[in-house]
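Colleague:
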Amino acid sequence: MAPASLQIHYKQNRLKQLRAFCHAARTGSVSAAAEKIFLSQPTVSLQIQALEREFDTILFERRGPKIKLTPEGDLLFQLAEPLVEGMDKLHETFATQCGRVDQGVLNVAAGESTILYVLPGPVQQFAEQYPGIDLKLHNVTGRDGLAMLRADTVDLAVGSMLEVPDDITYRPVVTFRPTLITPLGHPLAEKEEVSLEDIAPYGLILPPRHLSTWRIVDLVFKQHNLGYRVTLEAGGWEVIKKYVELGLGISIVTDVCLTGEESLARIPLDRYFPKRSYGIVLRRGKFLSPQAKSFLKVLEANFPERDPEPQRPSVGDADWDDTQLG
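Anchor point for the sequence shown: position 73 equals 73 in UniProt numbering, and the numbering is continuous, going up by one each time.
Have a look at this one:
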């Protein structure tokens with residue numbers, strides 16, 4: 001029999017305490033953690049305080065309504081997070097190990113462009129293979145999608161990221177080309193290649209100026225000491241394509257939005273602008289459910305011939321839908 005000092009005593013409330021602690025760490029807020037796990041704010045505070053007494057340490061720095069992990073708190077979070085997530089996903093993991101991935105819920109965040117142009121094939125295939133899994137697509141901006149990932153409101157996100165925060169991982173699965181689109185019959189429409197000098201005299205239709213596409217266009221033209229003119233701001237690739245078709249201007253888009261059915265001329269602009277990859281966005285250290293793993297396999301299998309290439313450094317916020325960022 002082990003000495004009394006080495007005996008491990010099971011504490012009935014340990015999982016509840018660690019779950020409350022982990023959610024508070026992810027959200028940076030006791031009230032947000034309480035809402036997430038359907039408890040009162042005082043209850044979550046008491047559970048965290050109980051852990052602090054047991055470990056004889058301070059786990060959070062209190063800064064008004066926000067809280068931040070102390071070094072000791074960060075260490076406990078790294079140890080506790082996989083345990084809590086493993087327990088929360090125990091039923092689904094057990095079902096998978098028994099050969100059953102036929103039920104459950106999968107929440108995926110994505111921007112409008114990703115939902116319209118990248119996900120239809122994978123989502124259709126996933127629904128056919130796993131009809132018992134309730135797939136929920138959340139059409140959100142990049143900022144809101146990252147917040148949902150950090151709060152574990154969604155299992156994963158799919159989209160395009162220009163800058164990746166330290167607590168997020170991004171794995172590209174497909175790359176699309178920057179492309180100039182013009183109306184049919186436009187002076188540039190018959191050219192196989194165009195230069196920035198060719199584009200500069202014509203009015204551009206771009207997404208709103210606070211989004212990354214505008215900032216990239218501005219940066220590239222300035223790097224070449226050229227001016228440019230924007231005749232129309234429009235949100236959403238479908239809107240932009242329609243107004244280019246109407247002859248109200250030309251635009252620089254990512255060819256993810258081009259189906260081939262548009263009445264548009266298209267000229268590649270790889271020599272000036274970075275390619276745009278779309279891929280899998282996860283919270284670093286996230287425990288993936290069997291449903292999420294199955295979805296990722298389907299997603300990657302849908303783009304076997306469009307291997308992502310490294311993107312050239314560019315400017316912009318972390319996002320997965322340029323025309324959706326707020």
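Don't be surprised by glycine CBs; every beta carbon is placed ideally from N, CA and C. Computed from a prediction, not measured in an experiment: that's the story for all the values here.
In chain order, what residues of the same chain have a beta carbon less than 6 Å from the beta carbon of Pro310, not counting five sequence neighbours either side?
Modeller: Per-residue confidence for Pro310 stands at a pLDDT of 46, beneath the threshold of 50, marking its modelled position as unreliable; the derived number appears in the next sentence. Nothing meets the Cβ criterion.
Colleague: Taking DSSP's pairing of strands, which residues face His138 in a bridge?
Modeller: Its beta-bridge partners are Ala109.
Colleague: Using alpha carbons as the reference points, say which of Gln17, Arg143 and Val30 lies closest to Arg62.
Modeller: Considering only alpha carbons, the answer is Val30.
Colleague: I'd like to know if the segment 148 to 158 and the segment 108 to 121 are in contact, where contact means that at least 3 CB-CB pairs between them fall below 8 Å.
Modeller: Taking 8 Å as the limit for Cβ pairs, the verdict is that the segment 108 to 121 does touch the segment 148 to 158.
Colleague: Give the DSSP-derived three-state secondary structure of Phe21 in the structure shown.
Modeller: Here Phe21 sits in helix by DSSP.
Colleague: For Thr182, which of Lys16, Asn13, Ala34 and Val253 has the nearest alpha-carbon?
Modeller: The candidate whose alpha carbon is nearest that of Thr182 is Val253.
Colleague: Look up Ser251 in the DSSP assignment and give the residues it is bridged to.
Modeller: Ile181.
Colleague: If we ignore side chains and look at the alpha-carbon of each, how far apart do Leu75 and Met148 end up?
Modeller: Cα-Cα distance, rounded: 23 Å.
Colleague: State yes or no: is the C-beta of Glu85 within less than 8 Å of the C-beta of Phe287?
Modeller: Cβ atoms of Glu85 and Phe287: closer than 8 Å.
Colleague: Would you call the segment 223 to 231 in contact with the segment 171 to 190, where contact means no fewer than 3 C-beta pairs closer than 8 Å?
Modeller: The segment 223 to 231, when compared against the segment 171 to 190, does not touch it at the 8 Å Cβ threshold.
Colleague: Hey, quick one: how far does the beta strand (DSSP E) through Arg215 stretch, first residue to last?
Modeller: No beta strand (DSSP E) contains Arg215, which is instead part of the alpha helix (DSSP H) from Ser212 to Gln223.
Colleague: Arg209: which of Val217, Gly279 and Leu184 sits nearest, CA to CA?
Modeller: Of Val217, Gly279 and Leu184, the residue nearest in Cα terms is Val217.
Colleague: Can you tell me where the alpha helix (DSSP H) with Val84 in it begins and where it stops?
Modeller: Start and end: Pro71 to Asp88.
Colleague: CB Leu258 to CB Arg271, shorter than 8 Å?
Modeller: For Leu258 and Arg271, no; Cβs fall outside 8 Å.
Colleague: Per DSSP, Val158 forms a beta bridge with which residues?
Modeller: BP columns for Val158 point to Ala110 and Ile280.
Colleague: Output the distance between the C-alpha atoms of Asp322 and Ser212, rounded to the nearest integer angstrom.
Modeller: Here Asp322 scores only 44 on pLDDT, less than 50, and its place in the model is too uncertain to base an answer on.
Colleague: Taking 6 Å as the limit between beta carbons, can you name the residues of its chain near Ile133, skipping five residues before and five after?
Modeller: Answer for Ile133: Gly104, Leu106 and Gln291, listed in chain order.
Colleague: Within the chosen definition, does the segment 240 to 250 reach the segment 154 to 170 through at least 3 CB pairs nearer than 8 Å?
Modeller: Output reads no: the segment 154 to 170 does not touch the segment 240 to 250.
Colleague: Are the beta-carbon atoms belonging to Leu15 and Met87 less than 8 Å from one another?
Modeller: A contact, by the Cβ cut-off of 8 Å.
Colleague: Roughly how many angstroms lie between the CA atoms of Glu52 and Ala34, to the nearest whole one?
Modeller: Distance between the alpha carbons of Glu52 and Ala34 is about 18 Å.
Colleague: Leu184: buried (16+ other C-beta within 10 angstroms of its C-beta) or exposed?
Modeller: Classification for Leu184: exposed.
Colleague: In terms of DSSP beta bridges, what is Arg271 paired with?
Modeller: In the DSSP output, where bridge partners are listed per residue, Arg271 has none listed.
Colleague: Straight-line CA distance for Pro82 to Ser113?
Modeller: Each residue's alpha carbon lies about 33 Å from the other.
Colleague: For Leu264, which beta-bridge partners are listed by DSSP?
Modeller: According to DSSP, Leu264 bridges with Pro183.
Colleague: Enumerate in chain order the residues of its own chain whose CB-to-CB distance from Asn13 is below 6 Å, with the five nearest sequence positions on each side excluded.
Modeller: Once the five neighbours on either side are set aside, Asn13 has no close Cβ partner at all.
Colleague: In three-state terms, what does DSSP make of Ile58?
Modeller: Coil.
Colleague: Compute the Euclidean distance between the alpha carbons of Trp214 and Gln49, then round it to the nearest angstrom.
Modeller: Roughly 48 Å between the two C-alpha positions.
Colleague: Have a look at Trp237, Thr231, Leu264 and Arg143 and flag the residue whose alpha-carbon is nearest the alpha-carbon of Glu190.
Modeller: Answer by Cα proximity: Leu264.
Colleague: Please report the residue range of the beta strand (DSSP E) in which Leu204 lies.
Modeller: Segment Gly203 to Leu206, the beta strand (DSSP E) holding Leu204.
Colleague: Helix, strand or coil, according to DSSP, for Gly121 in the structure here?
Modeller: Helix, per DSSP.
Colleague: Compute the distance between the beta-carbons of Pro207 and Gly235, then report whether it is under 8 Å.
Modeller: Yes, the Cβ-Cβ distance between Pro207 and Gly235 is below 8 Å.
Colleague: Could you round the C-beta distance between Leu204 and Val230 to whole angstroms and report it? I think they count as a contact, below 8 Å.
Modeller: Leu204 to Val230, Cβ: 5 Å. Contact.
Colleague: Mapping the DSSP letters down to three states, classify Gly285 as helix, strand or coil.
Modeller: In the structure shown, Gly285 sits in coil (DSSP, three-state: anything other than H, G, I, E or B).
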